[in-house]
Ligand code: PMP
């Protein structure tokens, strides 16, 4: 088994007040627990600094605007983009919907094709189906390799000049498989297609640089990155954003409004109608400071060691079938043969081990794996060897109960 202390001496449980001693929280892929640093930043933003942004002429509002825009800079720096390329959204889902509406509205037409993969989350499928239906475009699906990665050789063989958009997950929320996003972007660009990368599960686990990936759109959610819910990021190349019509109409996204005609603000304001989630943005800033103070390389090493230890332990149990590649990032999906994943999760919960069971919003992936659901353990900076030992003990109990 991997020695955690040798590869990744993370000992951060004390930062997380919502994780009581003895509780193995293994559902970080759904949402991460929050460190005190983030909780404090959110509390401070309400109790000493609160005011609206962008409009107030009084000092408090001006200060809050500075803090809000400083967060935008921090996000840009975190993923290697420019400040004016960062659009705050409610989460990854809204970011994808925004692109599927605003970019697709002017760039997709009947007969065009969109390329997705078999392992996408519903939020990276349904918005594209809706966009395709609106204009009469078609969706093609890239299959997975035998070890459950998006098959980029198959992608290369499938791409045509009619493909206008590729949308792939950077890290699968079910399998943990990591996409070679740069190769996918190069392949997409070779036929003149744009590529959107769903970075929901990647930004908490890997150092991401959108310039290195050479993608066109990148989305993620704050709540999976140790930040608050209700805040997320769409990064897009400025020229693409600048050519896109607005998403929603309202305050803040305008240049000039008359009853005859409205002109719009430049990006990113054009895509941020209404009063934004001010405290969420400040919380996201604190979350980015938190993960960067640890270092994404260390987080990745830590989670890789946890995945290896888990897969090694589960592979030793006859009744367990593992999904996903051995080098998956922070996520292990499995089934205990003959036992419904919900029963597995319920029994584990009795032993204070919290995992996720279900289709994980990836029903087409479940279909291709030939299962209705999987059990999934996913890791964060607060997990350690004791959590895995509790998981394995719980699964041994499951197999005893179900014979
Ligand atoms: N994509 C992936 C890969 C995800 O894991 C998730 C969340 N499970 C989403 C998209 C959607 O994120 P949210 O619900 O925060 O918008």
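Residue numbers (my numbering): 1040 to 1442. Quick reminder that beta carbons are idealized off the backbone N, C-alpha and C, glycines included.
Legend entry - First through last residue of the beta strand (DSSP E) which encompasses residue 1234: DSSP places residue 1234 in the uninterrupted beta strand (DSSP E) bounded by 1233-1237.
Inset, instruction - Assign residue 1387 to one of two classes, buried (16 or more other C-beta atoms within 10 Å of its C-beta) or exposed (fewer than that). - result: Residue environment: residue 1387 is assigned as buried (16 or more neighbouring CB atoms within 10 Å of its CB, all protein chains considered).
Inset, instruction - Check residue 1413 in the structure and name its three-state DSSP category. - result: In this structure, residue 1413 counts as strand in the three-state DSSP scheme.
Legend entry - Which of helix, strand or coil DSSP assigns to residue 1286: Coil, per DSSP.
Inset, instruction - If I'm right that residue 1430 touches residue 1063 with Cβ under 8 Å, what's the distance once you round it to whole angstroms? - result: That belief holds up - the Cβ atoms of residue 1430 and residue 1063 are roughly 6 Å apart, short of 8 Å.
Legend entry - Three CB pairs or more closer than 8 Å across the stretch 1125-1134 and the stretch 1315-1327: The stretch 1125-1134, when compared against the stretch 1315-1327, does touch it at the 8 Å Cβ threshold.
Inset, instruction - Let me know the secondary structure DSSP gives residue 1421 once reduced to three states. - result: Coil.
Inset, instruction - Determine the contact status of residue 1189 and residue 1147, defining contact as a CB-CB distance below 8 Å. - result: Going by C-beta atoms, residue 1189 is not nearer than 8 Å to residue 1147.
Inset, instruction - Check whether the Cβ atoms of residue 1168 and residue 1212 lie closer than 8 Å to each other. - result: Residue 1212 is positioned such that its CB atom lies no closer than 8 Å to that of residue 1168.
Inset, instruction - Return yes when at least one heavy atom of the ligand PMP lies under 7 Å from the C-beta of residue 1240, else no. - result: Answer for residue 1240: yes, Cβ within range of the ligand PMP.
Legend entry - Outcome for residue 1343 when other beta-carbon atoms lying within 10 angstroms are tallied against a minimum of 16: Classification for residue 1343: buried.
Inset, instruction - Please name the residue, chosen from 1328, 1257, 1408 and 1136, that lies closest to residue 1207 on a Cα-to-Cα basis. - result: The residue with the shortest Cα to Cα distance from residue 1207 is 1257.
Legend entry - Of the listed residues 1299, 1378 and 1427, nearest to residue 1352 (C-alpha basis): Ranking 1299, 1378 and 1427 by CA distance to the CA of residue 1352 puts 1427 first.
Legend entry - residue 1374 - containing alpha helix (DSSP H), residue span: In this chain, residue 1374 is not harboured by any alpha helix (DSSP H); it is covered by the beta strand (DSSP E) spanning 1370-1375.
Legend entry - Residue interval of the alpha helix (DSSP H) (run including residue 1395): Where residue 1395 is concerned, there is no enclosing alpha helix (DSSP H), although the beta strand (DSSP E) it sits in stretches over 1395-1397.
Legend entry - Identity of the residue in 1385, 1358 and 1097 nearest residue 1377 by Cα: Nearest C-alpha to residue 1377 among 1385, 1358 and 1097: 1358.
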